[in-house]
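Everything on this sheet refers to the single structure shown next.
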Amino acid sequence: MRVDLIPVHDQRRMISENSENNAGQFYMVDAVRMPPFFHQTDDAKGVAVTFNAEEKKAYKRRIRPTTRYEIEMIENKCKDVPVNQFEIHQTYVGSAATAVAAYVDRAQSRHVREQTVQRAIQIKARRELLTTTIPIPRNFVEDADPLTDSWITGKTVSARFPVDGRRFTTLATITEINVCRTEATVGLQFPQSATQFIKAWMAEHAENNVTIGPDPEQSMDATQAIKSEFKKTTVQSEIYQQYIGRKTAQKKQQLVTKEQRQLGNITLDEAQTDALRSSLARQGISVTIAPPGSGKTVLVSALTKQWLESKEASTIVITGPTNQAISSSLAPLEAVIPLEERRMCRYTSKHIADKDTDDQRFFIENMAYRYEEFITDPIQQMLLKTRRDALVAAERELEEATTALEILDKQEKTRKARQELMAEFEMLWKPNIIATTSTLLLRNRERKSCRDATHIIIDEASRLHPPHLLAMIASFRQLRKITLIGDSEQLAPFYPAPDGADIKKYVGEADLVRLKNAYPKAVVHLEKIYRAHPLITRNVLGNCYPYRVEPGITEEKRPMARNAGLPIAADGTPVILYHTKGVSEGRVNTAEAELIHWLVQHLRSRGVDRDDILVLTYHTNQRDHLRRILRDVPVETIDGSQGRQAPIVILATTKRATTTVPASIQRSLRFVGDAKRSTVAISRAMQALYIFGDIEHCAVGKEQWSSPDAGAEE
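Start counting the sequence shown at 10; every next residue gets the next number (this note's numbering).
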């Protein structure tokens, strides 16, 4: 193989006179600004190196043959280019080795792009793009994963060709993927600059020696390129296979520094750090299974902070199925992300701007009020009010002016004030954080602030309707990452009657559960619970999860029950089951309600604040009855409490057991015995949990009611 080192003076046609078949013919374009660059000659045997303007001066000063030392420098530098032997057949410029070294350093840093090359060099005889097909054995298809490597038509991969112990690397585009009975094939299209070399190489080597990979730094054998046949049974599988990722070495290479793990006075634990690393490194969908109280809001804040600081995301959407989930996720953001870096707006059903909000032609005061409808940050609201007051003051001075000069001066001030206010409104109208429910997000997907979303965080993803995730993927064209955070052991999506059962049967399980079961290695589990009392975590919540959960705090941080003398079990667990045998009528148990009222009064007498108590019920009728009795204490159904927490939780099961259980009561028992609903109820408590119900009734439901080693009082 020959290396032609040709000094280029300007945009002239350079011909290598000593080479056969007129090798080295090409035109130079803008040679002054382009770096020295390797170029394949027409005979596919030599490589021409062109020089920039600096080398032109050296060529005029000094013309001599290249020394052996310079040849060794070139040879050492050119390990990943098609150069393996050198012939001194022509006079070279003295600093040729320096030029080659500069090129190789730059090429290895991937600063030279194909677009730059096309601007620098144009081949006289234009060649067609090379397209070749590489066969893949069928047995490699079965145990493969196209999700990680992105083997999709139109994706760019790297192709590496071995040459005498070295490798020549170039980029290739996947044109087609075919899977037949015995083998699979992938079609590759190579760039114009590498076509001649690849044709010559493939004439002498076997095709299956080519190695291709998803990027130049991660390659694999071509026989492992197509790892799995795309399943096209449903729309979901096609979209998931394009977006879901795996917990691969690429994720491991994404480091999370000690400073990134620190959020104020909170330090991310190992599982939270692993989830953060997974979301930062992976393109597409990442899944985090987070039990209640395991630090989901901290993870959301850390992820949002890292995306904003790295300038990776232009618009981050924090969404979820309910407003309660959104409020919980936004709570720590104000303390973690500085105001100057946070432009946050929240869409709710009562404050939705009109579609023509971004039209700048209407009167500025009307625009100010329209903007204020959805700017919920208190500091930004104060800023708007202050600026509007300044504008009104300037206009008042204008009206009070008496002379022509004063009027002109005041008009100029008013114009400047309007311009400044307009600029501030424009800044606020381009938020980098949008918070809204999934329903409103899709309803407003064409709005200017929403359609540029690049990153989406979905909290309480277990309750997200499956069509919503598909619609997000299909609607936002600039979307690059989706992070699902939720608990698969909590409530599933809610479908209202009368068609709820049919819809649930047709749609199936939640996306979080589907992704967790389909790609278990891509899921990160948070195992430490920081909300509940450690004994509640060990003795109660530990029975609700198929995997191990452990307390993330000590008993010293949950001292309320012991210090205030509240009822606790014999072993110190702040969980008490009050056995009641009242009569329940119409899903209302008055005897149970009276006992709950007595317990609330007892807790209040011990110094417990009313806001520290949360009463939960399974049935809306019992909730309404308790609200009439407990006027100042919050009472909610379990389904409406997901995302909330309270130091003390009182749970009313309402129903009582009977010797003969009619069909209506059996349905109620199944409702009360729902494991996911019970998990939500138990996990709301931080300091103590008190359960009212019939022990026999609870035994008819699920095993977790009898598993806690807690006291039972009658």
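All C-beta atoms, glycine included, are put in the ideal place defined by N, C-alpha and C.
Spatial neighbours of residue i in its chain, beta-carbon cut-off 6 Å, leaving aside the 5 residues before and after
i	result
Glu226	Note on Glu226: pLDDT 36, under 50, position unreliable in the model; no value is reported.
Glu564	Pro543
Thr492	Ser288, Ser295 and Ile466
Ala501	Ala519
Gly649	none
Pro576	Ile585
Ala690	Leu625, Ile647 and Leu660
Arg567	His542 and Gln696
Arg70	Summary for Arg70: the model assigns pLDDT 48, below 50, so the residue's position carries little reliability; its value from the coordinates is reported in the next sentence. Excluding sequence neighbours, Arg70 sits near nothing in its chain.
Phe485	Ala462
Phe371	Residue placement at Phe371 is flagged as unreliable, the pLDDT there being 35, under the threshold of 50; a coordinate-derived value is accordingly withheld.
Asp618	none
Thr313	Ile325
Same chain only: Cβ atoms within 7 Å of residue i, ignoring 5 sequence neighbours per side
i	result
Pro463	Before going further, note that residue 463 is Thr rather than Pro in the sequence given. Around Thr463: Ala322, Ser323, Thr324, Gln487, Leu488 and Arg489.
Thr306	Ser337, Ser338, Ala340 and Pro341
Leu604	Tyr587, Thr589 and Phe701
Cys459	Ile443, Leu450 and Asn453
Glu461	Checking the displayed sequence, the identity of residue 461 turns out to be Asp instead of Glu. If we look at Asp461 and ignore the five residues flanking it on each side, its Cβ neighbours are Ser323, Thr324 and Gln487.
His606	Ile638 and Leu639
Ile275	Val307
Ala534	Note that residue 534 is His in the sequence shown here, rather than Ala. The residues are Ala280, Ile298 and Tyr556.
Val532	Val296, Ile298 and Lys525
Leu478	Asp520
Arg540	Pro301, Gly302, Gln654 and Met695
Leu608	Ile659 and Tyr699
Gly581	Leu544
Gly551	Val558
Asp620	none
Proximity below 8 Å, CB of residue i to CB of residue j
i	j	result
Ile467	Leu586	no
Ile724	Thr445	What is shown of the chain runs 10 to 723, which leaves residue 724 out entirely.
Ala570	Ala661	no
Arg637	Thr646	no
Glu536	Thr546	no
His628	Arg653	no
Thr688	Glu498	yes
Cys354	Pro475	no
Thr599	Ser447	no
Ile494	Val326	no
Leu623	Ala602	no
First through last residue of the beta strand (DSSP E) which encompasses residue i
i	result
Thr688	Counting along the chain, Thr688 falls outside any beta strand (DSSP E), though it belongs to the alpha helix (DSSP H) covering Ala684 to Ile691.
Leu625	Ile622 to Thr626
Thr448	Taken as a continuous stretch (DSSP letters only), Thr448 belongs to no beta strand (DSSP E), being part of the alpha helix (DSSP H) at Ser447 to Arg452.
Leu586	Val584 to His588
Leu698	Ala694 to Gly702
Arg355	Met353 to Arg355
Close Cβ partners of residue i (< 8 Å) along its chain, the five nearest in sequence each way excluded
i	result
Gly616	Ala573
Asn332	Thr357 and Thr446
Asp641	Arg619
Residue span of the alpha helix (DSSP H) that contains residue i, given as start and end
i	result
Ala344	Leu342 to Val345
Arg286	Glu279 to Ala290
Ala470	Where Ala470 is concerned, there is no enclosing alpha helix (DSSP H), given that its DSSP letter is neither H nor E.
Ile570	One detail in the question is off: residue 570 reads as Ala in this sequence, not Ile. Per DSSP, Ala570 belongs to the alpha helix (DSSP H) from Met569 to Asn572.
Arg460	Lys457 to Arg460
Cβ of residue i within 8 Å of any chain C Cβ
i	result
Thr589	In the displayed structure, chain C is absent; only one protein chain is listed.
Heavy atom of the ligand HEM within 7 Å of residue i beta-carbon
i	result
Arg355	In terms of ligand content, the structure shown is empty, and the ligand HEM therefore cannot be addressed.
Exercise for the section: Tell me the start and end of each unbroken beta strand (DSSP E) in the region 476-557 that is at least 3 residues and wholly inside, in chain order. Expected result: The region 476-557 contains these whole beta strand (DSSP E) runs: 490-495 and 532-534.
Exercise for the section: Go through the region 603-659 residue by residue and report every complete run of the alpha helix (DSSP H) that reaches 4 residues or more, in order. Expected result: 629-638
Handout entry: Contact between the region 518-527 and the region 648-662 (3+ Cβ pairs under 8 Å)
Key = no
Practice task
Could you tell me which uninterrupted beta strand (DSSP E) segments, each at least 3 residues in length, are contained entirely in the region 298-342, listed from first to last along the chain?
Solution key: At a cut-off of 3 residues, the continuous stretches assigned as beta strand (DSSP E) that sit fully inside the region 298-342 are 325-329.
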